[in-house]
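Residue numbers (the numbering used here): 70 to 128.
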Amino acid sequence: MHAAYVDGLIDLVLERRDGMKAADRPHMTDLGPWYDVCRPGCCENVRLGFKPAVSGLAP
């Protein structure tokens, strides 16, 4: 496994653990960081008959 990949995963975990606001997270484009939490019903599992993801969070 590449060290830069592992470092990136560690950064993501620390951002979540420390509660860093999305606007303050590092990003590569002017669009800012992308969503990291899905809303309920957002990511349906097509393979299981469109069952919703169990990890969605309500706003």
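Beta carbons: idealized from backbone N, C-alpha and C, even for Gly.
In this structure, does DSSP put residue i in helix, strand or coil?
i: Y104; result: coil
i: R94; result: coil
i: D76; result: helix
So the candidates are the options; which of them puts its Cα closest to the Cα of residue i?
i: K90; options: L78, I79, Y104 and G77; result: Y104
i: L81; options: L100, H96 and C112; result: H96
i: V106; options: R116, G77, R85 and L100; result: R85
At the 8 Å Cβ level, is residue i part of the contact set with chain D, yes or no?
i: D105; result: Chain labels in this structure do not include chain D; a single protein chain is all it has.
Residue i and residue j: beta carbons closer than 8 Å?
i: P102; j: R108; result: no
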